[in-house]
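S.K.: Numbering (this note's numbering), first residue to last: 24 to 274.
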Amino acid sequence: MSQSELFWNATLEEMKDGYTEDANRYTCLLCGEQIEKGVIYPQGKVLYEASRFIRLHVEQQHGSVFEYLVGLDKKFTGLTEHQTTLLRHFYTGMSDKEIQEEMGIGSSSTIRHHRFVLKEKERQAKTLLAIMELLKEKDQNAPAFVTPHKHATMVDDRYSVTTEEQTKILEKYFTQGLNGPIVKFPPKEKQRIVILRAIVERFDEAAVYTEKEMNGILKEIHEDFVLLRRYLIEYGFFDRKADGSAYWVKK
24 MSQSELFWNA TLEEMKDGYT EDANRYTCLL CGEQIEKGVI YPQGKVLYEA
74 SRFIRLHVEQ QHGSVFEYLV GLDKKFTGLT EHQTTLLRHF YTGMSDKEIQ
124 EEMGIGSSST IRHHRFVLKE KERQAKTLLA IMELLKEKDQ NAPAFVTPHK
174 HATMVDDRYS VTTEEQTKIL EKYFTQGLNG PIVKFPPKEK QRIVILRAIV
224 ERFDEAAVYT EKEMNGILKE IHEDFVLLRR YLIEYGFFDR KADGSAYWVK
274 K
């Protein structure tokens, strides 16, 4: 399971903690870092067991799970930029009057209204979550959809791909297997996203690549490696430095 799928398949409690757990390891939902159980991890002059070290990792590497979650794109949170700003202020413990003065909007009653609106969104989210959980128990005909990656741009019908469709697309374009080249880069965006998602698996999520290193990997997939590199950036699979000197998988 990819790190993005792990994130979206996590329970509410796991999302709040920022990590998930299985029989052998803890996995950070925010970056994919894995902490093996039964291992003692040194940090400075202190030794930590795995369960404490994963919490330390989340705190030190990501600041807070709250900040990470509110920093996700609007398409995933459903929050406006204004609401995100308010939530950050609420999280710090600021009073309504302090927030009103800080943001220079309305009055304290205006802030209270925004709190009410957010509570309404919470109630709606809980209701929808319960409905969808109940639906899973009854809807035997629902297809399995491929989870969009966390940094997907403009999540729309292009990302409406079932696992069955994904398999057919990959078989059509990777005729020599997923470790071989593609026969061509498809014209349809839905197919492109499937192909790009498979290409990302060729890269180490923890590594930083020079442009030359990235081009070397992409050349083995398709002769127009510049096109692949551009689309990996454009669709939110990769990030890079402004001068193009370094590339890495977006987590």
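Every residue, glycine too, gets a C-beta built ideally from N, C-alpha and C.
If you're wondering where the values come from, they're calculated on a predicted model, not measured in any experiment.
(1) So for residue 58, helix, strand or coil by DSSP?
(2) Would DSSP call residue 272 helix, strand or coil?
(3) Using a Cβ-Cβ cutoff of less than 6 angstroms, which residues in the same chain neighbour residue 70 once the five nearest sequence positions on both sides are dropped?
(4) In three-state DSSP terms, what is residue 246?
(5) In three-state DSSP terms, what is residue 258?
(6) Compute the distance between the beta-carbons of residue 259 and residue 175, then report whether it is under 7 angstroms.
(7) Starting from the Cα of residue 45, find the closest Cα among 38, 35 and 59 and give me that residue.
(8) Please state the DSSP three-state secondary structure of residue 197.
(9) For residue 73, count neighbouring C-beta atoms within 10 Å of its own C-beta (all shown protein chains included) and say buried if the count is 16 or more, exposed if not.
(10) Have a look at residue 245 and residue 269 and give me their C-alpha separation to the nearest angstrom.
(11) Within 10 Å of its beta-carbon, does residue 15 have 16 or more other beta-carbons around it, so buried, or fewer, so exposed?
(12) What residue range does the alpha helix (DSSP H) around residue 114 cover?
(13) With three or more C-beta pairs closer than 8 angstroms as the rule, is the segment 236-254 touching the segment 196-206?
(14) In the DSSP assignment, the alpha helix (DSSP H) including residue 90 goes from what residue to what residue?
(15) Could you compute how far the alpha carbon of residue 253 sits from the alpha carbon of residue 85?
(16) Out of 151, 28 and 121, which one is the CA nearest neighbour of residue 50?
(17) Can you check the segment 212-237 for any alpha helix (DSSP H) of at least 4 residues that lies completely inside it and give the ranges in chain order?
(18) Inspect the CB distances between the segment 135-143 and the segment 106-114 and report whether three or more fall short of 8 angstroms.
(19) With a CB to CB cut of under 6 angstroms and the five nearest residues on each side skipped, what residues in its chain are close to residue 114?
(20) Since I believe residue 54 is in contact with residue 274 (beta carbons under 8 angstroms), could you give me their beta-carbon distance rounded to a whole number of angstroms?
(21) How far does the beta strand (DSSP E) with residue 205 in it extend, from its first residue to its last?
(22) DSSP state of residue 52, grouped into three classes?
M.R.: On the basis of the data shown:
(1) strand
(2) strand
(3) Cβ within range, chain order: 63.
(4) In the structure shown, residue 246 sits in coil (DSSP, three-state: anything other than H, G, I, E or B).
(5) coil
(6) yes
(7) 59
(8) coil
(9) buried
(10) Within the model, the alpha-carbon separation for residue 245 versus residue 269 is close to 21 angstroms.
(11) Since the displayed the chain opens at 24 and closes at 274, residue 15 lies outside it and no answer follows.
(12) In the DSSP assignment, residue 114 falls within the unbroken alpha helix (DSSP H) covering 104-114.
(13) yes
(14) 88-93
(15) 28 angstroms
(16) Answer by Cα proximity: 28.
(17) 212-223
(18) yes
(19) 89
(20) Contact between residue 274 and residue 54 is confirmed by a C-beta separation of about 5 angstroms, below the 8 angstroms threshold.
(21) Looking at the DSSP string, residue 205 is not in any beta strand (DSSP E), and its letter there is neither H nor E.
(22) Reduced to three states, the DSSP call for residue 52 is coil.
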